[in-house]
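Participant: Can you read through this structure? Questions will come right after.
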Amino acid sequence: KDQDSYSGRDPITLNISPLHLILQRAMSLATALHADDVSVTDNFSSQQQTTYLDDSVASTTNAAGNIPSKMRVSGLRVWVKALYTLVRAGAHWNSSMVAVPGHTQLYMFLRAFPPPPEDSQLYKNLLQRALATPGMNPLIEDEEGRSALFVFCEQMAKTSSDKCPAAGDFLSM
Numbered sequence: 068k069d070q071d072s073y074s075g076r077d078p079i080t081l082n083i084s085p086l087h088l089i090l091q092r093a094m095s096l097a098t099a100l101h102a103d104d105v106s107v108t109d110n111f112s113s114q115q116q117t118t119y120l121d122d123s124v125a126s127t128t129n130a131a132g133n134i135p136s137k138m139r140v141s142g143l144r145v146w147v148k149a150l151y152t153l154v155r156a157g158a159h160w161n162s163s164m165v166a167v168p169g170h171t172q173l174y175m176f177l178r179a180f181p182p183p184p185e186d187s188q189l190y191k192n193l194l195q196r197a198l199a200t201p202g203m204n205p206l207i208e209d210e211e212g213r214s215a216l217f218v219f220c221e222q223m224a225k226t227s228s229d230k231c232p233a234a235g236d237f238l239s240m
């Protein structure tokens, strides 16, 4: 099934929180980056970063309808900070908010692994908060029989230690 099944629809009529939207986008970006084997730490000039964070450019796609890699990398650089800001401002993890069967907020969060190296501590803090949320179960499976814990292991297996030096810290939680 399409991961972005509600893309382009009004999030308010779908009863989807900003936290959920960030997680959905982060999961989609991480999946695309693993497919392209692009690193979050790839270096672009600050001028290119500014250009790719511009809203008018961020909505463009390439001929195949995909977001170009440089834009995806820019998006991946900010999603952990954006999510952390929302949670600090009072946004709550919601175990019942699911757009695709089995794609809980925890599932999407773990599927978006790895965080940018500089955001590893924020990611760890967010993971601790998510796991402490009543009803947030890492063993709930999607339609393909994969749980949040399973997709996290998949993401860890695809991630080299240079892309996420703190990966071992997440295994000890």
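All the letters of the sequence shown, read from the start, carry residue numbers 68 to 240 under the working numbering. Heads up, the beta-carbon is just placed ideally off N, CA and C, and yes, glycines get one too. Just so we're clear, the structure is a prediction, and the values are computed from it rather than from any experiment.
Just tell me which of Q222, K225, M240, P232 has its CA closest to the CA of S187.
Facilitator: Numbered from its first residue, the sequence shown carries residue 187 at position 120. Among Q222, K225, M240, P232, the Cα nearest to that of S187 belongs to P232.
Participant: Please determine if the stretch 162-169 and the stretch 206-220 are in contact, where contact requires at least 3 C-beta pairs separated by less than 8 angstroms.
Facilitator: Yes, the stretch 162-169 touches the stretch 206-220.
Participant: Hey, how far is the Cα of P303 from the Cα of V145?
Facilitator: Nothing about residue 303 can be read from this structure; the chain reaches only from 68 to 240.
Participant: Drop a sphere of 10 angstroms on the beta-carbon of A215, count the other beta-carbons inside from all chains shown, and report buried for 16 or more, exposed for fewer.
Facilitator: Against the sequence shown, residue 215 aligns to sequence position 148. With 16 or more Cβ atoms within 10 Å of its Cβ, A215 is classed as buried.
Participant: Given that a residue counts as buried once 16 or more other Cβ atoms are within 10 Å of its Cβ, and exposed if not, what is Q195?
Facilitator: Taking the first residue of the sequence shown as 1, we reach residue 195 at position 128. The residue in question, Q195, is exposed, as its Cβ has fewer than 16 Cβ neighbours within 10 Å.
Participant: For M164 versus S84, is the C-beta spacing smaller than 8 angstroms?
Facilitator: For this step, residue 164 is matched to residue 97 along the sequence shown. For this step, residue 84 is matched to residue 17 along the sequence shown. A contact, by the Cβ cut-off of 8 angstroms.
Participant: I need the straight-line Cα distance from I89 to G157, nearest angstrom please.
Facilitator: Here residue 89 corresponds to residue number 22 of the sequence shown, with the count starting at 1. Here residue 157 corresponds to residue number 90 of the sequence shown, with the count starting at 1. If I take the Cα positions, the gap works out to 15 angstroms.
Participant: From L86 to R92, what does the alpha carbon distance come to, in whole angstroms?
Facilitator: One-based indexing of the sequence shown puts residue 86 at position 19. One-based indexing of the sequence shown puts residue 92 at position 25. Whole-angstrom Cα-Cα distance: 10 angstroms.
Participant: With respect to the alpha helix (DSSP H) encompassing M175, which residues constitute its N-terminal and C-terminal limits?
Facilitator: For this step, residue 175 is matched to residue 108 along the sequence shown. Unbroken alpha helix (DSSP H) run through M175: 172-178.
Participant: Along the chain, where does the alpha helix (DSSP H) that runs through N204 open and close?
Facilitator: Translated into positions along the sequence shown, residue 204 becomes position 137. No alpha helix (DSSP H) holds N204; DSSP gives it neither H nor E.
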